[in-house]
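Below is one structure, written out as structure tokens, with a few remarks after it.
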Amino acid sequence: MNVIARDITKTFKDATVLDHVTVQIPAGRVTGLWGINGSGKTMLMRIICGLVRPTSGEVLFDRKVLGRDLAHPLSTGALIEGPALLANRTGFDNLRLIGMINGTATDRDIRRAIAQVGLDPNERKKFKKYSLGMKQRLGIAAAVFEKPDLVILDEPTNALDTSGVEMVKRVVAAERERGAAVLMACHDKSVLDAVADHVYCMEAGRVVREEDPR
Amino acid sequence: MSKRAATRRAARRALLLDLRLGFSTSTRWYALTALFALCSIELAVAGSDFFGIERASLTWADHLALFVGGCEPYVFRQGLIFVPPAGWLLGLLLLAYMTLGYPYRDLMGFGQHALMRASRASWLLSKCAWIVLTVLAFWAIVVAAATVITVLDGAPFSLRLTQGAFATVTGLANVPPGGIGALPFFAGMLGMSVALCLAQMTLAFIVRPSVAFGCLAALLVVSAHTMHPALLGNYLMLARLGGAVPGGVSPLVGLGVAAVLALASVVGGLFFFRRTDLVAKELFA
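Protein chains in written order, with the numbering used here: chain H, 15 to 228; chain E, 399 to 683.
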């Protein structure tokens, strides 16, 4: 599945958060968004996920327009601004509950994803007892366990140690190998240089530069 | 499976998930409801002694209705200040609070997973269904509490409201010896509580939950103060029941108003929600 965010502008009252941004997220490739805090990366991701409506512009999933042809994004897993999971459930239970909606992921898929991010699938600790790093890892697992066609990761290396950063690189590479379209935002350019096929550099809501690091 | 069928299936599953999560987070509130209902009804029934009413003469319907007994409308008199009926107000605010938190918390958290897998309309309708079922569960618990007290008092299981029940909350009622049928009042009460909770949810999304709860609380207090068909809290109060109390409100009119309010809340909510932005912890319309 190929995703395009075309000519996206987003304004809130007097503030222009995104200004005519176009980003292409092809299948089987990792697309990076790089920029400092406040450059518009997260807002763009929220628009692609359908959580925010653009003031102008459109998001296309295989040429179908989100909000017109599609009521919600197609086959998308996302980690945006931290994992939104249930505090009083275990990691496995959280993913299982999310998986209930589409009904496509098996228990084995869930266990595999949890193990892939370096957590124990049999962990009985509730999510609220997880460390920040563990929460972030579970959030990444939640984004990939259903094998979606589009994976969106917003600052996935936050709160992760060196091994966690390497894990993120492995997961992203695996998703690319699987044929997913991956969109990853990171303020650490070295991480994007290691994994991304194409990087959009953002500043003050605009794409100021594009790079092909690989 | 076609994409449309898959979307419909996802919407159904999102509803089931909502019901499961919504109820599992509310168990302590149901326990509190049971305790509150038992205390509130028992206090009201015990108070009937003061008015010379025999406990055993109060029917099952009386016990249930006394949960929302309320008070007479306020009439200004020198030195007499308005005091809202605490039991009535607390009981309804408990229901309002129970239905307030989950939809908004879900929207800002776990529910975003559902919003990316099913449409916004199905998410909102799922929340509406959850609210309806929560209100039904609340009243089912109150009914159970009323039943327990009826059994313990050896009172008759009748659907007639008697003069005795009205006498404990108002001196204005005039009920025929055979009592009056309780079903219209209960139906109006149920309908209006569902409608007000749906309206509260819609307002919570448009403005914010604390404002929505405050508006509902204000409406209830003003309704307790003044008897008027436009003040919707009157339909939730035994002491304002038309047919027993002069100038009282008609429960059937209340049911009609509730239906319109519920529909407006759902339609208005859908209209607003489909267009709004879901930005972390705030909504920008």
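Heads up, the beta-carbon is just placed ideally off N, CA and C, and yes, glycines get one too.
Same chain, Cβ closer than 8 Å to residue i, neighbours up to 5 away in sequence not counted
| i | result |
| --- | --- |
| H/Lys27 | none |
| E/Lys679 | For E/Lys679, the predicted model reports a pLDDT of 44, less than 50, meaning its position is unreliable; a value from the coordinates is still stated below. Met506, listed in sequence order. |
| H/Gly178 | Gly132, Gly147, Gln150, Arg151 and Thr171 |
| E/Leu559 | Thr457, Ala459, Asp460, Ala463, Val573, Gly577, Ile578, Gly579, Ala580, Phe583, Leu636, Leu639 and Ala642 |
| E/Phe670 | Thr600, Phe603, Ile604 and Ala683 |
| H/Leu313 | Past the boundaries of the shown model lies residue 313 of chain H; chain H is included only from 15 to 228, so the question cannot be answered. |
Rounded C-alpha distance that separates residue i from residue j
| i | j | result |
| --- | --- | --- |
| E/Gly667 | E/Glu452 | 48 Å |
| E/Ala683 | H/Val66 | Confidence at E/Ala683 is low in this model, with a pLDDT of 34, below 50, so its placement is unreliable and the value that follows should be read with caution. Their Cα atoms are separated by approximately 10 Å. |
| E/Gly489 | H/Ala101 | 29 Å |
| H/Met181 | H/Met148 | 12 Å |
| E/Ser524 | E/Leu413 | 5 Å |
| E/Ala444 | E/Gly509 | 45 Å |
| E/Val664 | H/Asp175 | 47 Å |
| H/Gly54 | H/Asp134 | 34 Å |
| E/Leu456 | E/Phe465 | 13 Å |
| E/Ala628 | E/Ala435 | 27 Å |
| E/Trp608 | E/Tyr495 | Per the sequence shown, residue 608 of chain E should be read as Ser rather than Trp. Cα to Cα, the separation comes out at about 10 Å. |
| H/Met198 | H/Met59 | 9 Å |
| E/Ala459 | E/Pro554 | 9 Å |
| E/Ala660 | H/Val221 | 46 Å |
| E/Leu596 | E/Ser648 | 22 Å |
| E/Thr624 | E/Val643 | 14 Å |
| H/Gly153 | H/Ile94 | 9 Å |
| E/Leu681 | E/Val605 | Because the pLDDT at E/Leu681 is just 45, under 50, the model does not fix this residue reliably, and the value given afterwards should be weighed accordingly. Those two C-alpha atoms are separated by around 8 Å. |
| E/Asp504 | E/Ala432 | 25 Å |
| H/Val17 | E/Gly652 | 51 Å |
| H/Asp76 | H/Arg43 | 15 Å |
| E/Leu417 | H/Glu72 | 34 Å |
| H/Asp207 | E/Arg515 | 31 Å |
| E/Thr674 | H/Thr69 | 11 Å |
| H/Ile124 | E/Leu588 | 42 Å |
| E/Ala409 | E/Leu419 | 15 Å |
| E/Ala563 | E/Arg426 | 30 Å |
| E/Pro483 | E/Thr566 | 12 Å |
| E/Leu618 | H/Glu169 | 47 Å |
Close beta carbons around residue i, own chain, < 7 Å, minus the five adjacent residues each side
| i | result |
| --- | --- |
| H/Glu12 | Chain H is shown from 15 up to 228; residue 12 of chain H falls before or after that span and cannot be answered. |
| E/Ser591 | Leu493, Val533 and Leu634 |
| H/Thr90 | Cys63, Pro162, Leu164 and Ile166 |
| H/Pro97 | Lys149, Gln150, Leu152, Gly153 and Ala156 |
| E/Ala543 | Ala432, Ala435, Leu436 and Ile439 |
| E/Arg672 | Arg518 and Ala519 |
Chain-ordered neighbours of residue i on chain H, where CB pairs are closer than 8 Å
| i | result |
| --- | --- |
| E/His511 | Ala98, Ile112, Ile115 and Ala156 |
| E/Arg411 | Met114, Ile115, Asn116 and Gly117 |
| E/Ser524 | Those do not exist, as E/Ser524 stays about 11 Å from chain H at its closest Cβ, beyond 8 Å. |
| E/Arg673 | Arg67 |
| E/Ser517 | Ala85 and His86 |
Proximal residues to residue i (C-beta, below 6 Å), its chain only, five neighbours per side dropped
| i | result |
| --- | --- |
| E/Gly646 | Arg638, Leu639 and Gly640 |
| E/Thr497 | Ile529, Thr532 and Cys595 |
| H/Leu74 | Ile18 |
| E/Leu513 | Trp521 |
Chain E contact residues for residue i, given Cβ-Cβ distances below 7 Å
| i | result |
| --- | --- |
| H/Cys215 | Under the 7 Å cutoff, chain E gives no residues; its nearest Cβ is about 24 Å from H/Cys215. |
| H/Ala92 | Met514 |
Chain H contact residues for residue i, given Cβ-Cβ distances below 7 Å
| i | result |
| --- | --- |
| E/Phe669 | Near E/Phe669 there are no residues of chain H at all, since even the closest Cβ is about 14 Å away, more than 7 Å. |
| E/Ala602 | The contacting residues do not exist; E/Ala602 stays about 18 Å from chain H at best. |
| E/Gln676 | Note on identity: in this sequence residue 676 of chain E is Leu, with Gln being the wrong assignment. Chain H residues near E/Leu676: Leu65 and Val66. |
| E/Gly349 | It is not possible to answer for residue 349 of chain E, since the shown part of chain E is limited to 399 through 683. |
| E/Thr425 | Going along chain H, no residue has its Cβ under 7 Å from E/Thr425, so there is no contact; the nearest lies around 12 Å. |
Chain H contact residues for residue i, given Cβ-Cβ distances below 9 Å
| i | result |
| --- | --- |
| E/Asp416 | Result: empty, since nearest Cβ-Cβ is about 10 Å, beyond 9 Å. |
| E/Ala408 | His86, Ile115, Asn116 and Gly117 |
| E/Ser400 | Within 9 Å Cβ-Cβ: nothing; E/Ser400 doesn't reach chain H, min ~13 Å. |
8 Å Cβ cutoff, residue i in contact with chain C
| i | result |
| --- | --- |
| E/Arg673 | Absent here is chain C; the protein component of the structure consists of chains H and E. |
message = Just to confirm the assignment: which complete alpha helix (DSSP H) runs, minimum length 4, are found wholly within the segment 517 to 592 of chain E?
response = 518 to 551 and 561 to 565
request  = Return the chain-ordered ranges of every alpha helix (DSSP H) run that is complete within the segment 99 to 180 of chain H and spans a minimum of 4 residues.
outcome  = 105 to 116, 121 to 130 and 146 to 158
Short-range partners of chain E found in the segment 100 to 117 of chain H, where Cβ spacing is below 7 Å = Leu100, Leu111, Ile112, Met114, Ile115, Asn116 and Gly117
key: Where the segment 147 to 166 of chain H meets chain E: residues whose CB sits under 8 Å from a CB there   = Ala156
query = Any residues in the segment 630 to 642 of chain E with a beta carbon nearer than 8 Å to a beta carbon of chain H? Which ones, in chain order?
reply = none
message = Residues of the segment 62 to 93 of chain H in Cβ contact with chain E at a cutoff of 7 Å, in chain order, please.
response = Cys63, Gly64, Leu65, Val66, Arg67, Ala85, His86, Pro87, Thr90 and Ala92
inquiry  = My parser needs the beta strand (DSSP E) runs of 3 or more residues fully inside the segment 18 to 46 of chain H; what are they?
reply    = 29 to 39
task = Write down every uninterrupted run of the alpha helix (DSSP H) in the segment 435 to 520 of chain E whose length is 4 residues or greater and which is fully enclosed by it, in chain order.
result = 458 to 464, 484 to 496, 499 to 506 and 509 to 513
ask   = What are the uninterrupted segments assigned as alpha helix (DSSP H) that are 4 or more residues long and contained completely in the segment 43 to 91 of chain H, given in chain order?
value = 55 to 62
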